[in-house]
Structure formats: C-alpha cells, structure tokens
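The sequence shown begins at 1169 in the working numbering and counts up one residue at a time. Backbone N, C-alpha and C define an ideal beta-carbon position, used for all residues, glycine too. Below: the structure, in structure tokens.
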Amino acid sequence: MVHLAAGTDAGTGRVHESFDASDPAMFSRAWFSWADSMFCELALAVADDR
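Written as structure tokens, this is what we have:
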C-alpha cells in the first residue's frame, strides 16, 4: 500500500484524494493534507512493524 500511494503522486510528492487508475497524473485535488497525513501514519505504522 505504501508503494502504491507513493507511486501515484504524479511527481508532486503529495498523496491525492483520488486519481485516475489509468493515469495517476489526473487527480482530484492538488492539495489535500488529510491524505498526506494518512500516508504518514501508514508509513510510520509499517516502519514500526519492521
């Protein structure tokens, strides 16, 4: 899940609310800090499990 989210940032370095599965460069919001926060929480949880 971490790799999926990180791989669909469309080069922005941000996680998006939603994106087109065929073209991750097509996303719904350029700025959506809730999604960024959830990604950070996921990354920390994965790091803690290792």
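1. Using 7 Å as the cut-off, classify the Cβ of Met1194 as near or not near the heavy atoms of the ligand NAD, replying yes or no.
2. Once the 5 residues before and after Thr1176 are set aside, which same chain residues still bring their CB inside 6 Å of it?
3. Considering Ala1193, what are the terminal residues of the beta strand (DSSP E) in which it resides?
4. Note the first and the last residue of the continuous alpha helix (DSSP H) segment covering Glu1185.
5. Quick one, which of His1184, Asp1217, Ala1198, Ser1196 has its alpha-carbon nearest Phe1207's?
So, from the listed chains and residues:
1. The ligand content of the structure shown is nil, which means the ligand NAD is not present either.
2. Phe1187, Pro1192
3. 1191–1195
4. Where Glu1185 is concerned, there is no enclosing alpha helix (DSSP H), given that its DSSP letter is neither H nor E.
5. His1184
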